[in-house]
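Data block below; observations after.
Shown next as structure tokens:
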């Protein structure tokens, strides 16, 4: 590591420990040290040293991951990209930006808004997550029901490979089909194939106007029917979020939102169309609020943004991330409720309902080193239910280490064999985030 | 090939020759035979036999490709998927379809329209091209300026690998991040990694209403400015097509559209917004036609669909496919005009202008076995100009064999090495469409 300028390497265990975890409850390994990369050259130097010494490298953004993708491995170097924060270029005319991986997601969006554009992917952690972490997990968010996930906004990458060579993939153009889609392969690979040091991102025109409604329902099935109706009517929602009663209750206990005893679910929807049309499509709703000013809209969407902090007040949270075909949403939520009852576990559910992406949050006693067995048993049932419904273990958080146990149920041995074959092409020494993702 | 039922294998050279070409002018190799697969089992049997006998296999859809991806190799088996035409499932509620590779692209769209949905990708050949061919090349089209390319509409695949094993990739859900993006890797791989035998496609809501305009300009730069203005205003066009004077003249000579002597370019635009707004954004236009009925809209878009047949009346066509950042469109078109003048070659240009994807069509004497040297010299200049402008050799047609000569200029040795490494993982015997794409 002599190639790195002073101050870039941390080795004090008290300090390095704080870089060893993401937001999961997995007991991390003990890192050798932490590199605070400030440039591509720092990344190259680190990867060369790691290859020479056969030391595993765990790349890291802001550590907001929910699957353990950035969790330390014993004897690894943590390679933090969070100091590489330059927006190298922003071209309003071409609707692209070239950015470094440490740029905060919401900062990217704000920079684009100055030109009437937006950066669409908005994971719930977007005010603290980095673009690099979003690329590693192929992050989704609230707006992806209309605009797609991180991969859909990524045109090209600069990547440092395991041996320190620098690769450029993709392009600055909207379309291109020269060779295999290496860009798409890196996005979502959880730092196992290379370290992204720059990305060419696609920006989009910000919508001219947004209509916002919030509807309350006395049954989950009615709420799911409203989701289907809003989609089928062609409203093209840019946000379509569902919260269950457990979630609403946790918000009500904190902020006193006047939750009715009969309310079982709330749907929050945004589109560029008419609020009245969306309200009318929530036929079975017990109450519909329509925002008539941007402030009122922020207030309604703000309810959804309160969901996670409200849950965290109740205990420690294991946040899961199953995704099912949209029509199976009611069955998925029923399965979650049944698992909660059977194992006497508190599960509070929010869903990116338009995508069929459901986040059951398992809440358990504070202070435990990891979730108790009943939580894992309930989670196991939820995962299996999602797969039975034609769904997937993870819509947007990634596999990390958290979902390794269930991975084989979804993908099978042939996919595993091919994934490991690809890994071998990019990282023959298996030093890049070994044991994650695949 | 004994495993195949009778009538599935053709070996008469007079017959097999007609399966040896796509729509390029490359002299094809001589195939051993043609397999007309009717099921996945036929594909498995073919791939097993080919692996056992080390015989190269060239998968083939409708043969509408423009880069030689389906051109026969000496001693190969042509594996035609065009008889696998089942739409296995179409779920309006989940907005997905599961289809076989021989389904005609426009048939997929028509099946979706019966449910208020559409299949968005619409390459110009969509009435005769197959979904399998579209997947192989990651085909684009007119609507992809709004809805993206074939990869953006592909959720999962069933693939027969080189040795005959059957792989399932992806999912039925809108989102999913389990493992590497194998689905995206197969799309655009031009049949070099596996043979797609089924695809789970994403359908989209068909727009409620479409506004259509056609605007004439006395300079290309004015037309390009109108493109930029329509995008910047947030019209979200679903079609934004540019035709140069050479193209318009060939249509006028055939259909007598009353082309003005001063007209240098025509722009055709569609959006879900207001036609008057789009017309107003074509500030420098010499004339703007606005469609007030669906029939009038079809007539305006029909002008664009006449472009290729009109060119083919003038001679043989080499259709190219460069793509540049949208702001560089005027420079790209100027470079094409300069190359045409310098080499005394007729080049007629249409562009998916909203994507910066430019199709210069090089027109030359009928009856020649391949394009004359002046055409290649002009094409070489056009390719190099596209790369100099930050663009790519191919926006949507693929590399095939046609663009192999220039591939290294765009991608460099490291990309080539990694692409070949991936190829080796999927096809260690190198029997799947060898020498294509990468």
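Protein chains in written order, with full-length UniProt numbering: chain A, 1 to 438; chain B, 1 to 438.
Glycine is no exception: its CB is placed at the ideal position from the N, C-alpha and C atoms.
Note that the structure is a prediction, hence the values are computed from the model and not measured.
Could you check where the alpha helix (DSSP H) with residue 13 of chain A kicks off and where it finishes?
-> For the purposes of this step, residue 13 of chain A is taken as residue 13 along the first chain, with counting starting at 1. Unbroken alpha helix (DSSP H) run through residue 13 of chain A: 13–16.
Looking only at its own chain, which residues have a Cβ that is under 8 Å from the Cβ of residue 428 of chain A, when we skip the five neighbours before and after it?
-> As a working mapping, residue 428 of chain A is identified with position 428 in the first chain. Within the same chain, residue 428 of chain A has close Cβ partners 162.
In chain A, which residues lie with their C-beta within 9 Å of the C-beta of residue 144 of chain B?
-> Working through the second chain from its first residue, we reach residue 144 of chain B at position 144. Among the residues of chain A, those whose CB is under 9 Å from the CB of residue 144 of chain B are 174 and 175, following chain order.
Residue environment, residue 368 of chain B, which counts as buried when at least 16 other CB atoms sit within 10 Å = On the second chain, residue 368 of chain B is found 368 positions in, with the first residue counted as 1. By the Cβ neighbour-count rule, residue 368 of chain B is exposed, with fewer than 16 other Cβ atoms within 10 Å of its own.
On the three-state DSSP scale, how would you describe residue 120 of chain B?
-> As a position in the second chain, residue 120 of chain B is number 120, starting the count at 1. Residue 120 of chain B falls in the coil class under three-state DSSP.
Continuous alpha helix (DSSP H) stretch holding residue 149 of chain A: start and end | Within the first chain, the letter at position 149 stands for residue 149 of chain A. Membership of residue 149 of chain A in any alpha helix (DSSP H) is not indicated, and neither H nor E is assigned to it by DSSP.
Any beta-carbon of chain B closer than 8 Å to the one on residue 119 of chain A?
-> Working through the first chain from its first residue, we reach residue 119 of chain A at position 119. No, residue 119 of chain A does not count as interfacial toward chain B.
Measuring only between beta-carbons, confirm whether residue 402 of chain A sits less than 8 Å from chain B.
-> For this step, residue 402 of chain A is matched to residue 402 along the first chain. Using a CB distance cut-off of 8 Å, residue 402 of chain A does not count as an interface residue toward chain B.
With distances taken between CB atoms, is the gap from residue 96 of chain A to residue 202 of chain A smaller than 8 Å?
-> Numbered from 1 along the first chain, position 96 holds the residue referred to as residue 96 of chain A. Numbered from 1 along the first chain, position 202 holds the residue referred to as residue 202 of chain A. Pairing residue 96 of chain A with residue 202 of chain A gives a Cβ-Cβ distance under 8 Å.
For residue 122 of chain B versus residue 105 of chain B, is the C-beta spacing smaller than 8 Å?
-> Against the second chain, residue 122 of chain B aligns to sequence position 122. Against the second chain, residue 105 of chain B aligns to sequence position 105. The Cβ-Cβ distance between residue 122 of chain B and residue 105 of chain B falls below 8 Å.
Exposed or buried, what is residue 341 of chain B when buried is set at 16 or more other beta-carbons lying within 10 Å of its beta-carbon?
-> Indexing the second chain from 1 puts residue 341 of chain B at position 341. The residue in question, residue 341 of chain B, is exposed, as its Cβ has fewer than 16 Cβ neighbours within 10 Å.
Are any of the Cβ atoms in chain B nearer than 8 Å to that of residue 260 of chain A?
-> Along the first chain, one-based indexing puts residue 260 of chain A at 260. With 8 Å as the cut-off, residue 260 of chain A does not count as an interface residue toward chain B.
Measuring CA to CA, which of B/329, B/198, B/225 and B/239 is closest to residue 212 of chain B?
-> Start at 1 with the first residue of the second chain, and residue 212 of chain B comes out as number 212. Residue 212 of chain B has its Cα closest to that of B/239, out of B/329, B/198, B/225 and B/239.
Around the Cβ of residue 257 of chain A, are there at least 16 other Cβ atoms within 10 angstroms (buried) or fewer (exposed)?
-> In the first chain, counting from the first residue as 1, residue 257 of chain A sits at position 257. By the Cβ neighbour-count rule, residue 257 of chain A is exposed, with fewer than 16 other Cβ atoms within 10 Å of its own.
Three or more C-beta pairs below 8 Å linking the region 206–225 of chain A and the region 13–21 of chain B | Verdict: no, contact absent.
Alpha-carbon to alpha-carbon, residue 125 of chain A and residue 56 of chain B | In the second chain, the residue the question calls residue 56 of chain B occupies position 56. In the first chain, the residue the question calls residue 125 of chain A occupies position 125. C-alpha separation (whole angstroms): 49 Å.
For residue 138 of chain B, the residue or residues it bridges with in DSSP | Mapped onto the second chain, residue 138 of chain B falls at position 138. DSSP lists no partner for residue 138 of chain B.
Rounded separation between residue 198 of chain B and residue 330 of chain A - CA only | Residue mapping note: residue 198 of chain B aligns to position 198 of the second chain, counting from 1. Residue mapping note: residue 330 of chain A aligns to position 330 of the first chain, counting from 1. Going from the Cα of residue 198 of chain B to the Cα of residue 330 of chain A covers about 28 Å.
For residue 319 of chain A, collect the residues of the same chain with a Cβ closer than 7 Å to its Cβ; drop the 5 residues on either side in sequence, then sort them by chain order.
-> One-based indexing of the first chain puts residue 319 of chain A at position 319. The answer, listed in chain order, is 66, 359 and 361.
With 16 other CB atoms within 10 Å as the buried threshold, where does residue 420 of chain B fall?
-> Here residue 420 of chain B is taken as the residue at index 420 of the second chain, counted from 1. With fewer than 16 Cβ atoms within 10 Å of its Cβ, residue 420 of chain B is classed as exposed.
Determine the direct distance from the alpha carbon of residue 371 of chain B to that of residue 314 of chain B, and round the result to whole angstroms.
-> Within the second chain, the letter at position 314 stands for residue 314 of chain B. Within the second chain, the letter at position 371 stands for residue 371 of chain B. Rounded to whole angstroms, the separation of the alpha carbons of residue 371 of chain B and residue 314 of chain B is 14 Å.
Sort A/169, A/77 and A/194 by Cα distance to residue 29 of chain A and report the nearest one.
-> Here residue 29 of chain A refers to the residue found at position 29 when the first chain is read from its first residue. If we check each option's Cα against that of residue 29 of chain A, A/77 comes out closest.
Touch test, the region 266–274 of chain A against the region 222–230 of chain A, Cβ-Cβ under 8 Å, three pairs minimum | Contact between the region 266–274 of chain A and the region 222–230 of chain A is present: three or more C-beta pairs spanning the two stretches fall below 8 Å.
For residue 221 of chain B, three-class secondary structure by DSSP | Numbered from its first residue, the second chain carries residue 221 of chain B at position 221. Three-state DSSP puts residue 221 of chain B in a helix.
Which residue from B/307, B/311 and B/259 puts its Cα closest to that of residue 286 of chain B?
-> Along the second chain, read from residue 1 onward, the residue named residue 286 of chain B stands at position 286. With distances taken between Cα atoms, residue 286 of chain B lies closest to B/259.
Taking the DSSP output, what are the residues bridged to residue 323 of chain B?
-> Numbered from its first residue, the second chain carries residue 323 of chain B at position 323. Per DSSP, B/357 and B/392.
Nearest chain B C-beta to residue 426 of chain A closer than 8 Å, yes or no?
-> Here residue 426 of chain A refers to the residue found at position 426 when the first chain is read from its first residue. Yes, residue 426 of chain A counts as interfacial toward chain B.
Cβ shell of residue 195 of chain A (< 7 Å), same chain only, five flanking positions each side left out | Sequence index remark: in the first chain, residue 195 of chain A carries index 195 (1-based). Here the set comprises 43, 47, 59, 79, 159 and 160.
Where residue 437 of chain B meets chain A, residues with beta-carbon distance less than 7 Å = Walking along the second chain from the start, residue 437 of chain B turns up at place 437. Within 7 Å Cβ-Cβ: 179.
Own chain partners of residue 50 of chain A with C-beta closer than 7 Å, once the 5 adjacent residues on each side are dropped | Here residue 50 of chain A corresponds to residue number 50 of the first chain, with the count starting at 1. Result list for residue 50 of chain A: 57, 77 and 431, in chain order.
Opening and closing residue of the alpha helix (DSSP H) in which residue 351 of chain B lies = Along the second chain, one-based indexing puts residue 351 of chain B at 351. Following the DSSP letters along the chain, one finds residue 351 of chain B in no alpha helix (DSSP H) but inside the beta strand (DSSP E) bounded by residues 346–352.
Spatial distance of residue 295 of chain B from residue 216 of chain B (CA atoms) | Residue 295 of chain B sits at position 295 when you count from the first residue of the second chain. Residue 216 of chain B sits at position 216 when you count from the first residue of the second chain. Going by the C-alpha atoms only, they are around 20 Å apart.
Would you call the CB atoms of residue 247 of chain A and residue 348 of chain A closer than 8 Å?
-> Residue numbering aside, residue 247 of chain A sits at position 247 when the first chain is read from its first letter. Residue numbering aside, residue 348 of chain A sits at position 348 when the first chain is read from its first letter. Residue 348 of chain A sits close to residue 247 of chain A, with the two beta carbons spaced by under 8 Å.
C-beta atoms of residue 230 of chain B and residue 174 of chain B nearer than 8 Å = Position 230 of the second chain, counting from 1, holds the residue named residue 230 of chain B. Position 174 of the second chain, counting from 1, holds the residue named residue 174 of chain B. Not in contact: residue 230 of chain B and residue 174 of chain B (Cβ atoms no closer than 8 Å).
Please report the residue range of the alpha helix (DSSP H) in which residue 41 of chain B lies.
-> Within the second chain, numbered from 1, the residue matching residue 41 of chain B stands at position 41. It spans 40–53 - the alpha helix (DSSP H) in which residue 41 of chain B sits, taken as one unbroken run.
Based on Cα-Cα distance, which residue from A/139, A/87 and A/16 lies nearest to residue 102 of chain A?
-> Along the first chain, read from residue 1 onward, the residue named residue 102 of chain A stands at position 102. Nearest of A/139, A/87 and A/16 to residue 102 of chain A, Cα basis: A/87.
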